[in-house]
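Q: Protein chains in written order, with the working numbering: chain A, 5 to 351; chain B, 5 to 351; chain C, 5 to 351.
Ideal placement from N, C-alpha and C gives every residue a C-beta, glycine not left out.
What you are looking at is a predicted structure, and each value in this text was computed from that prediction instead of being measured.
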Amino acid sequence: MTPTLETRLHDAVSKVRQYWRGTRFLDGLEPGIEGTQALLDVARIYRAYRLEIGRMRLLQGRAVAGLFFDPSLRTHTSMEVAAGRLGAHFVHLVGGQDTWKMEFAEGTVMDGMAAEHVKEAAPVLSSYADVLAVRAFPKHGGRDETVIRAFARYAGAPLINLESALAHPCQGLADMLTLADLGGGSYLGKKVCLSWAPHPKPLPQAVPLSVVRAAILGGADLHVACPEGFDLDDEEMERAQSFCHDTGAKMTVTRDQMAATQGAIAVYGKGWGARDYDRHADLAAAHRGWTIGDTQMEGANAFLHCLPVRRNVIVSDSVIDGPKSRVIPQAANREPVQAAVLLSWML
Amino acid sequence: MTPTLETRLHDAVSKVRQYWRGTRFLDGLEPGIEGTQALLDVARIYRAYRLEIGRMRLLQGRAVAGLFFDPSLRTHTSMEVAAGRLGAHFVHLVGGQDTWKMEFAEGTVMDGMAAEHVKEAAPVLSSYADVLAVRAFPKHGGRDETVIRAFARYAGAPLINLESALAHPCQGLADMLTLADLGGGSYLGKKVCLSWAPHPKPLPQAVPLSVVRAAILGGADLHVACPEGFDLDDEEMERAQSFCHDTGAKMTVTRDQMAATQGAIAVYGKGWGARDYDRHADLAAAHRGWTIGDTQMEGANAFLHCLPVRRNVIVSDSVIDGPKSRVIPQAANREPVQAAVLLSWML
Amino acid sequence: MTPTLETRLHDAVSKVRQYWRGTRFLDGLEPGIEGTQALLDVARIYRAYRLEIGRMRLLQGRAVAGLFFDPSLRTHTSMEVAAGRLGAHFVHLVGGQDTWKMEFAEGTVMDGMAAEHVKEAAPVLSSYADVLAVRAFPKHGGRDETVIRAFARYAGAPLINLESALAHPCQGLADMLTLADLGGGSYLGKKVCLSWAPHPKPLPQAVPLSVVRAAILGGADLHVACPEGFDLDDEEMERAQSFCHDTGAKMTVTRDQMAATQGAIAVYGKGWGARDYDRHADLAAAHRGWTIGDTQMEGANAFLHCLPVRRNVIVSDSVIDGPKSRVIPQAANREPVQAAVLLSWML
Numbered sequence: 005m006t007p008t009l010e011t012r013l014h015d016a017v018s019k020v021r022q023y024w025r026g027t028r029f030l031d032g033l034e035p036g037i038e039g040t041q042a043l044l045d046v047a048r049i050y051r052a053y054r055l056e057i058g059r060m061r062l063l064q065g066r067a068v069a070g071l072f073f074d075p076s077l078r079t080h081t082s083m084e085v086a087a088g089r090l091g092a093h094f095v096h097l098v099g100g101q102d103t104w105k106m107e108f109a110e111g112t113v114m115d116g117m118a119a120e121h122v123k124e125a126a127p128v129l130s131s132y133a134d135v136l137a138v139r140a141f142p143k144h145g146g147r148d149e150t151v152i153r154a155f156a157r158y159a160g161a162p163l164i165n166l167e168s169a170l171a172h173p174c175q176g177l178a179d180m181l182t183l184a185d186l187g188g189g190s191y192l193g194k195k196v197c198l199s200w201a202p203h204p205k206p207l208p209q210a211v212p213l214s215v216v217r218a219a220i221l222g223g224a225d226l227h228v229a230c231p232e233g234f235d236l237d238d239e240e241m242e243r244a245q246s247f248c249h250d251t252g253a254k255m256t257v258t259r260d261q262m263a264a265t266q267g268a269i270a271v272y273g274k275g276w277g278a279r280d281y282d283r284h285a286d287l288a289a290a291h292r293g294w295t296i297g298d299t300q301m302e303g304a305n306a307f308l309h310c311l312p313v314r315r316n317v318i319v320s321d322s323v324i325d326g327p328k329s330r331v332i333p334q335a336a337n338r339e340p341v342q343a344a345v346l347l348s349w350m351l
Numbered sequence: 005m006t007p008t009l010e011t012r013l014h015d016a017v018s019k020v021r022q023y024w025r026g027t028r029f030l031d032g033l034e035p036g037i038e039g040t041q042a043l044l045d046v047a048r049i050y051r052a053y054r055l056e057i058g059r060m061r062l063l064q065g066r067a068v069a070g071l072f073f074d075p076s077l078r079t080h081t082s083m084e085v086a087a088g089r090l091g092a093h094f095v096h097l098v099g100g101q102d103t104w105k106m107e108f109a110e111g112t113v114m115d116g117m118a119a120e121h122v123k124e125a126a127p128v129l130s131s132y133a134d135v136l137a138v139r140a141f142p143k144h145g146g147r148d149e150t151v152i153r154a155f156a157r158y159a160g161a162p163l164i165n166l167e168s169a170l171a172h173p174c175q176g177l178a179d180m181l182t183l184a185d186l187g188g189g190s191y192l193g194k195k196v197c198l199s200w201a202p203h204p205k206p207l208p209q210a211v212p213l214s215v216v217r218a219a220i221l222g223g224a225d226l227h228v229a230c231p232e233g234f235d236l237d238d239e240e241m242e243r244a245q246s247f248c249h250d251t252g253a254k255m256t257v258t259r260d261q262m263a264a265t266q267g268a269i270a271v272y273g274k275g276w277g278a279r280d281y282d283r284h285a286d287l288a289a290a291h292r293g294w295t296i297g298d299t300q301m302e303g304a305n306a307f308l309h310c311l312p313v314r315r316n317v318i319v320s321d322s323v324i325d326g327p328k329s330r331v332i333p334q335a336a337n338r339e340p341v342q343a344a345v346l347l348s349w350m351l
Numbered sequence: 005m006t007p008t009l010e011t012r013l014h015d016a017v018s019k020v021r022q023y024w025r026g027t028r029f030l031d032g033l034e035p036g037i038e039g040t041q042a043l044l045d046v047a048r049i050y051r052a053y054r055l056e057i058g059r060m061r062l063l064q065g066r067a068v069a070g071l072f073f074d075p076s077l078r079t080h081t082s083m084e085v086a087a088g089r090l091g092a093h094f095v096h097l098v099g100g101q102d103t104w105k106m107e108f109a110e111g112t113v114m115d116g117m118a119a120e121h122v123k124e125a126a127p128v129l130s131s132y133a134d135v136l137a138v139r140a141f142p143k144h145g146g147r148d149e150t151v152i153r154a155f156a157r158y159a160g161a162p163l164i165n166l167e168s169a170l171a172h173p174c175q176g177l178a179d180m181l182t183l184a185d186l187g188g189g190s191y192l193g194k195k196v197c198l199s200w201a202p203h204p205k206p207l208p209q210a211v212p213l214s215v216v217r218a219a220i221l222g223g224a225d226l227h228v229a230c231p232e233g234f235d236l237d238d239e240e241m242e243r244a245q246s247f248c249h250d251t252g253a254k255m256t257v258t259r260d261q262m263a264a265t266q267g268a269i270a271v272y273g274k275g276w277g278a279r280d281y282d283r284h285a286d287l288a289a290a291h292r293g294w295t296i297g298d299t300q301m302e303g304a305n306a307f308l309h310c311l312p313v314r315r316n317v318i319v320s321d322s323v324i325d326g327p328k329s330r331v332i333p334q335a336a337n338r339e340p341v342q343a344a345v346l347l348s349w350m351l
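Encoded structure:
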């Protein structure tokens with residue numbers, strides 16, 4: 005007898021819980037190697053039967069609060085739609101605008117602009133919602149993770165990081181699904197290229213570091229290409245490296261963009277800030293040739309980017325509009341992986 | 005045997021689809037004469053049994069994304085409520101505020117303020133939502149339909165125009181329902197007056213042009229009154245005129261406001277920009293007498309306006325607070341017609 | 005036979021309606037003494053079985069519109085979650101930002117900034133939503149209740165005040181639930197202290213006045229402590245006083261903060277504006293010793309505050325982080341009481 009869709013989904017969610025009972029999804033490494041693969045299996049079922057699953061209203065009576073200190077198109081929409089289709093209620097909060105300005109420091113005398121401390125905000129939101137999701141990243145480079153760490157400390161409810169200074173774990177999980185699609189079900193041992201590309205602003209490293217983690221969790225042969233002065237965060241790279249042994253991944257950092265792209269199942273283009281991020285604009289301008297164009301894509305199979313992407317700065321129109329671009333299905337993969345995380349906590 | 009409410013609704017939606025299989029509702033003419041009447045029949049069933057239909061959750065598991073580049077009270081609320089009552093999840097997005105600033109031009113080097121191109125935004129949102137709805141109109145007159153046209157080109161999902169420079173098709177469809185109510189079920193051959201009225205700003209012609217289309221689609225004897233220098237867009241008026249033959253409508257443009265109102269089942273007041281819209285404020289000030297007051301309403305049956313309306317500028321308190329005012333039921337008709345469009349795409 | 009949860013809930017809601025058939029919840033006194041107790045019983049059932057009740061989707065097909073002219077974290081989230089869990093659709097509107105700038109004066113010639121009059125906005129929103137909820141309070145002191153009164157006058161739908169100049173009735177109702185919890189089911193005859201505390205801004209009296217009403221409705225022995233120049237609104241205090249006879253409550257106003265706290269089941273700290281609110285900052289600065297600290301809490305059982313709270317200004321870290329603090333369960337009580345109001349109108 006064929007199991008019903010609902011049984012299949014319940015079984016897949018149970019398998020996630022076998023490996024992962026945690027209530028924090030902050031850098032994306034929390035579910036571990038097996039837990040992550042189990043999450044991807046839930047996501048694949050959701051992706052194949054989104055409407056049918058939506059009709060089951062499995063998360064009926066549940067609530068998710070999403071607090072955004074920064075703009076969002078994909079993250080907001082995909083998170084809200086994932087929750088909504090599953091029958092949960094999603095509350096969209098714009099931090100410091102709809103809500104009060106928030107204080108994060110301990111022991112402060114709050115006689116300034118901030119009217120509310122995270123020590124109240126986090127547990128109060130946790131009392132209304134079954135899951136919290138928070139987005140807060142520094143505007144111009146740096147490692148400041150104050151907001152997400154404070155919520156992680158004070159929220160009683162399960163918490164999803166919707167992008168901080170150093171991690172964008174939902175993007176990373178979606179990228180694993182996309183890379184697996186490109187690799188024919190798995191990218192174990194397959195070459196993946198993460199290439200720096202020029203961008204006018206010193207963007208945080210949340211996405212490239214999540215790409216690194218995603219590639220390594222899935223056992224890729226990862227080649228990270230960037231110009232001198234643009235190396236990714238040492239500490240985070242070392243942590244990621246430490247997973248290589250268990251997953252069979254390899255990581256190579258190179259200054260040779262062309263070599264990194266050759267034979268890759270995917271070239272993942274992304275701008276990020278110079279180490280000396282106050283001088284970013286000048287330093288980046290010196291490497292305009294790193295824009296991903298037809299030449300860079302010649303020996304590679306697919307182009308990926310987390311979006312939003314600046315056309316003809318990060319990537320040429322010809323590449324992103326061409327047959328190798330997979331950015332739309334990549335973005336579409338956000339909804340199923342986030343549905344998988346929500347289901348694993350609330351089903 | 006009496007058919008159940010659900011059967012009646014399904015039958016009414018099937019009839020819409022018999023005439024209209026398109027996935028764009030941009031100027032409101034798309035469903036054609038029969039398709040529009042079929043949509044109005046769906047709206048009438050929804051209006052009569054809103055709560056009972058809501059309890060069926062017919063669009064359970066579906067998602068609608070509404071992207072607003074401009075403020076909205078009625079359009080946002082009525083669209084979200086229509087979707088929500090039917091069981092679909094509605095995501096409200098404020099363009100360029102919650103989301104990234106968006107680029108619409110082709111081939112640009114995106115090194116300025118805009119971080120995201122509509123060529124990504126439209127298909128990405130289409131991957132999350134079953135229906136998109138977009139509002140973007142020029143602040144001060146003009147024919148600029150860049151935003152809605154770009155979404156129409158790049159969105160894979162069905163698309164509703166929630167007001168652009170030249171069309172507000174949901175308003176138009178609601179107005180057809182209101183005019184039919186006023187005409188005792190139909191306004192075929194009945195006199196309808198669209199009258200210009202003073203307004204400090206050179207408002208776009210989206211609403212008056214949609215009123216013209218609505219009146220003509222339903223076969224009205226339409227009289228458009230406006231002062232010299234305020235004629236509606238030639239091209240759009242010609243397109244609307246071309247429908248007259250098929251619907252039995254007639255259209256008269258006049259400078260004589262009083263004559264236009266005599267015997268009308270409805271006087272639809274609306275401000276719109278002067279042709280020379282840089283000189284609008286001065287030109288409009290010269291026609292303060294066009295404010296719809298008791299004199300203008302003497303020979304007419306009802307007052308209509310799309311709202312929001314500037315009291316004692318567009319219309320006198322005495323008229324809008326008086327027995328001939330139908331602006332509240334007119335606004336209420338937004339929800340059922342929009343529910344009809346959503347049902348015709350997603351049921 | 006044990007009644008089912010659904011039967012228990014229906015019975016509890018019927019009891020509310022036995023005492024209260026009104027459609028306005030503006031100062032919180034509307035349901036009367038028995039109606040309020042009946043609402044609290046509904047809230048207790050909701051609180052105990054939130055998820056199970058959520059799965060029933062009792063308000064399926066209903067819609068609630070929440071219009072916020074001021075920021076909100078708790079009020080917005082708890083209201084939206086209460087509606088959402090019950091199956092109603094909640095539309096979140098930001099007044100004057102998402103929507104048009106609104107006019108409230110009668111008879112105005114609207115040729116300025118305001119594009120929409122409340123005389124249209126209120127009935128139009130009432131036509132889309134089954135319940136309206138509105139938040140609007142003056143930024144700096146005063147008794148201005150223009151917005152909520154205008155909505156009360158023109159809204160056809162039931163209306164909840166989500167905080168105005170003089171009342172925050174949902175907070176008051178939640179506080180009754182919290183005080184009853186602290187009193188072991190009831191606080192009849194128990195001592196409750198409302199203490200003024202320093203705050204840099206001349207905050208409106210909505211919360212302290214609602215605390216007064218809440219304490220009196222439940223029959224407390226209420227002690228209100230504040231420095232000279234900070235007495236609460238005379239008219240509202242007299243109205244509250246007039247309920248004392250029927251509920252068995254007593255009210256004492258005192259300048260002696262320490263005496264007021266002795267033996268209280270709860271010290272409710274709150275800043276509010278000086279009577280001479282233009283000189284508030286200076287007047288408040290002279291009473292820094294009123295910050296609720298360990299000394300003040302020595303003889304009392306619990307600390308309450310409506311939140312957001314300025315730490316080390318209103319209350320010391322040691323108190324709010326200590327074992328007597330009940331601010332989180334107090335805030336959590338917002339959701340069940342608001343669910344009770346929604347159920348009593350829409351079930």
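(1) Hey, which unbroken runs of the alpha helix (DSSP H) at 4 residues or more fall wholly within the region 27 to 99 of chain C?
(2) Once the 5 residues before and after C:K123 are set aside, which same chain residues still bring their CB inside 6 angstroms of it?
(3) Using a Cβ cut-off of 9 angstroms, pull out every chain C residue sitting near A:Y132, in sequence order please.
(4) Is it the case that the region 194 to 213 of chain C contacts the region 92 to 106 of chain C, given that we only count it when at least three CB pairs across the two stretches are under 8 angstroms?
(5) Indicate the three-state DSSP secondary structure (helix, strand or coil) for A:A344 in the structure shown.
(6) With a 10 Å radius around its C-beta and 16 neighbouring C-beta atoms as the bar for buried, classify B:Q300 as buried or exposed.
(7) Compute the beta-carbon to beta-carbon distance between A:A47 and A:V331, rounded to the nearest angstrom, for a pair I have assumed lies under 8 angstroms.
(8) If A:L308 sits next to A:A270, beta carbons under 8 angstroms apart, how far is it from one beta carbon to the other, in whole angstroms?
(9) For B:H227 and C:D134, I'd like the C-alpha separation in whole angstroms.
(10) If you reduce the DSSP assignment to three classes, tell me which class C:H172 lands in.
(11) Taking 8 angstroms as the threshold (C-beta atoms), are B:A210 and B:E239 in contact?
(12) Hey, which unbroken runs of the alpha helix (DSSP H) at 4 residues or more fall wholly within the region 124 to 200 of chain C?
(13) Who are the Cβ neighbours of A:R147 in its own chain at under 8 angstroms, not counting the five residues just before and after it?
(14) May I ask which residues mark the beginning and end of the alpha helix (DSSP H) holding B:M117?
(15) Compare the beta carbon distance of A:H125 and A:D74 with 8 angstroms and say whether it is the shorter of the two.
(16) Alpha carbon to alpha carbon, what distance is there between C:S246 and A:G111?
(17) Under the rule that 16 or more other beta-carbon atoms within 10 Å means buried, what is A:K194, buried or exposed?
(18) Comparing alpha-carbon positions, which option in A:H291, A:M262, A:H14 lies nearest A:D298?
(19) Mind pulling the chain A residues with CB within less than 8 angstroms of C:I332?
(20) So is C:T112 in contact with chain B if we call contact Cβ pairs under 8 angstroms?
(21) Would B:L71 and B:G32 be called neighbours here (beta carbons separated by less than 8 angstroms)?
(22) Would you say C:V138 faces chain B, with C-beta separation under 8 angstroms as the test?
(23) How long is the line joining the alpha carbons of C:V215 and C:I49, rounded to whole angstroms?
(24) Is C:E232 helix, strand or coil when you go by DSSP?
(25) Using a Cβ-Cβ cut-off of less than 9 angstroms, list which residues of the region 312 to 325 of chain C approach chain A; keep chain order.
(26) Please list, in chain order, the chain C residues whose beta carbon lies closer than 9 angstroms to that of A:V120.
A: Reading it off the structure:
(1) 36 to 52, 54 to 60, 78 to 89
(2) Answer for C:K123: Y158, listed in chain order.
(3) R78, T81, S82, E84, V85, A86, A335, A336, R338, E339
(4) no
(5) The DSSP-derived three-state label of A:A344 is helix.
(6) buried
(7) Contact flag wrong, Cβ pair sits at about 18 angstroms.
(8) 5 angstroms
(9) 37 angstroms
(10) Three-state DSSP puts C:H172 in coil, outside helix and strand.
(11) No, the Cβ-Cβ distance between B:E239 and B:A210 is not below 8 angstroms.
(12) Counting only runs that start and end inside the region 124 to 200 of chain C, the alpha helix (DSSP H) elements of at least 4 residues fall at 150 to 158, 173 to 186.
(13) A169, L170, D237
(14) Counting along the chain, B:M117 falls outside any alpha helix (DSSP H), and DSSP gives it neither H nor E.
(15) The sequence shown places Ala at residue 125 of chain A, not His. Contact: no.
(16) 43 angstroms
(17) Looking at its Cβ environment, which holds 16 or more other Cβ atoms inside 10 Å, A:K194 is buried.
(18) The closest CA to that of A:D298, considering only A:H291, A:M262, A:H14, is found on A:M262.
(19) E124, P127, V128, S131
(20) yes
(21) no
(22) no
(23) 23 angstroms
(24) coil
(25) Within the region 312 to 325 of chain C, the residues whose Cβ lies closer than 9 angstroms to some Cβ of chain A are P312, V313, R314, R315, N316, V317, I318, D321, I324, D325, listed in chain order.
(26) Here the sequence assigns Glu to residue 120 of chain A, which means Val is not the residue at that position. Simply L77, L311, P312, V313, R314.
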